[in-house]
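Residues in the sequence shown are numbered from 1 upward in steps of one, following the working numbering. These notes are about the structure you will find just below.
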Amino acid sequence: MRRLAQRFGAALTVTEMLDSEFYAGGDRQSALRAAGAGLDPHVVQVAGCRPESLAEAARLAEAAGAAMIDINMGCPAKRVTGGAAGSALMRDLDLAIRLIRAVVAAVKVPVSLKMRLGWDQTALNAPELARRAEAEGVAMLTVHGRTRCQFFASNADWTAIRAVREMTSLPLVANGDCASREDADRMLAAAGADAVMIGRAAVGRPWLVGDVAHHLAGAPRPAPNAAERCAAALEHYRTLLSLFGKEQGLRHARKHLSAYAVQSRRAEATALRTRLVTSENPAEVESILANLFVAERAAA
Ligand SMILES: Cc1cc2nc3c(=O)[nH]c(=O)nc-3n(C[C@H](O)[C@H](O)[C@H](O)COP(=O)(O)O)c2cc1C
């Protein structure tokens with residue numbers, strides 16, 4: 001996904017978070033996620049609540065080729081916040097700062113920080129965390145315009161991100177619900193941010209981030225054609241199977257296959273989606289993917 005997104009023009013892609021206890025403890029899955037072959041720049045995100053483990057995870061990621069380490073203080077999941085990591089750190093800024101300090105001291109590469117607006121509407125402390133993080137040497141901030149208690153409910157509040165802009169001069173990335181060039185324009189204007197981060201909207205559309213990036217750079221490009229989209233989906237599927245092996249690869253692939261089917265906008269997208277996510281036969285999946293977007297063009 002990250003390689004495809006970069007090839008289509010994404011400026012920066014970040015790994016899913018690596019649990020620092022697992023990664024520092026030698027977990028092979030984490031090491032696989034931290035591997036950055038074909039990525040430039042390669043950015044690894046770490047999560048945790050113990051300074052020694054987070055620092056060790058950052059050191060390992062740097063050794064694995066990371067050009068930047070991102071610290072997760074935005075994840076709302078109970079299994080993460082229950083362990084006092086992710087967005088739970090927004091309730092304990094002193095611990096958050098100790099973690100940031102440990103990571104900044106552990107690596108030579110820049111360290112960035114991802115956060116939400118705060119824990120809930122009564123504690124919108126992202127500006128405070130941003131100010132303190134900047135003083136610790138953090139190089140870039142990403143703010144998802146929701147509180148932890150909102151999880152993914154309602155709309156991201158892009159205007160609320162502006163309070164962080166006013167508190168720091170660091171490069172600021174706005175995040176949450178950006179799904180188009182127009183969204184990116186409105187988001188940047190509302191937040192006063194320097195860049196946008198796109199998550200969910202790019203699933204099934206790894207070309208979306210580059211499309212928005214070219215637009216923001218003032219050099220919009222036509223969307224990839226049907227054959228290029230098919231090639232991307234096929235490459236994605238094959239790579240997942242070869243990276244994780246057939247059994248696990250098929251599991252990982254399902255959400256992407258489902259999203260590619262939806263993005264095909266075919267009349268029979270629902271039936272195709274069912275076949276794609278239930279098939280255990282790679283040859284069958286590949287033959288559907290090879291024509292998924294081509295039929296869209298024929299229908300248009
Ligand atoms: C299934 C799922 C997994 C996610 N995993 C991470 C993660 O590992 N690290 C992270 O910083 N954000 C993670 N996020 C949050 C997204 O990066 C992003 O902040 C959020 O989805 C809002 O942006 P979007 O509307 O563009 O998706 C995850 C979101 C979802 C839905």
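Note that the Cβ used here is the ideal one computed from N, Cα and C, for glycine as well.
Mind checking who residue i pairs with in its DSSP beta bridge?
i, result
"Leu113", "Ile71 and Leu141"
"Leu18", "Val46"
What is the residue span of the alpha helix (DSSP H) that residue i lies within?
i, result
"Met187", "Arg181 to Ala191"
"Lys246", "Lys246 to Gln263"
"Ala271", "Ala269 to Thr278"
"Arg91", "Careful: Arg91 lies outside any alpha helix (DSSP H) and carries neither H nor E."
"Ala77", "That residue, Ala77, is in no alpha helix (DSSP H); it is neither H nor E in DSSP."
"Arg303", "Since the first and last residues shown for the chain are 1 and 300, residue 303 lies out of range."
"Ala4", "The sequence as given places Leu at residue 4; Ala does not occur at that position. Unbroken alpha helix (DSSP H) run through Leu4: Arg2 to Arg7."
"Ser222", "Looking at the sequence shown, residue 222 is not Ser but Pro. Per DSSP, Pro222 belongs to no alpha helix (DSSP H) and is neither H nor E."
"Ala58", "Pro51 to Ala63"
"Gln29", "Arg28 to Ala34"
For the beta strand (DSSP E) that residue i lies in, which residues bound it at each end?
i, result
"Ala133", "Run containing Ala133: none in the beta strand (DSSP E); it sits in the alpha helix (DSSP H), Ala126 to Ala135."
"Gln150", "It is not in any beta strand (DSSP E) - Gln150 carries neither H nor E in the DSSP assignment."
"Ala328", "Limits of the chain in this structure are 1 at one end and 300 at the other, which puts residue 328 out of reach."
"Leu170", "Premise fails: Leu170 is in no beta strand (DSSP E) and is neither H nor E."
Would residue i and residue j qualify as a contact pair, given that the criterion is a beta-carbon distance under 8 angstroms?
i, j, result
"Leu54", "Gly48", "yes"
"Val262", "Gly204", "yes"
"Val80", "Ala126", "no"
"Met68", "Ser20", "no"
"Phe244", "His236", "no"
"Ile100", "Ala123", "no"
"Leu4", "Ala232", "yes"
"Pro171", "Asp194", "yes"
Can you list, in chain order, the residues of its chain whose CB lies under 6 angstroms from that of residue i, leaving out five sequence neighbours each side?
i, result
"Arg162", "Ala191 and Gly192"
"Met187", "Trp158, Ala174, Cys178 and Val196"
"Ala106", "Ala55, Ala58 and Arg59"
Quick one: what's got a C-beta closer than 7 angstroms to residue i's C-beta in the same chain, skipping five residues either side?
i, result
"Arg33", "Thr15, Glu16 and Leu18"
"Gln121", "Thr147"
"Val103", "Leu54, Ala55, Ala58, Ile69, Ile71 and Val111"
Assign residue i to one of two classes, buried (16 or more other C-beta atoms within 10 Å of its C-beta) or exposed (fewer than that).
i, result
"Asp94", "exposed"
"Ser169", "exposed"
"Arg28", "exposed"
"Leu257", "buried"
"Lys114", "buried"
"Ala300", "With a pLDDT of only 48 at Ala300, under the threshold of 50, the placement of this residue in the model should not be trusted, and no figure is reported."
"Glu142", "First, the residue type needs correcting, since residue 142 is Thr and not Glu in the sequence shown. Buried: at least 16 other Cβ atoms inside 10 Å."
"Gly25", "exposed"
"Thr13", "buried"
Would you check whether ligand 3 has a heavy atom nearer than 7 angstroms to the C-beta of residue i?
i, result
"Lys114", "Ligand 3 is not part of the structure shown, which contains ligand 1 as its ligands."
In its own chain, which residues sit with a C-beta less than 8 angstroms from the C-beta of residue i, not counting the 5 before and 5 after it?
i, result
"Ala223", "Trp207 and Asp211"
"Arg98", "Pro51"
Between residue i and chain C, is the shortest Cβ-Cβ distance under 8 angstroms, so that the two count as touching?
i, result
"Ile71", "In the structure shown, chain C does not exist; there is a single protein chain."
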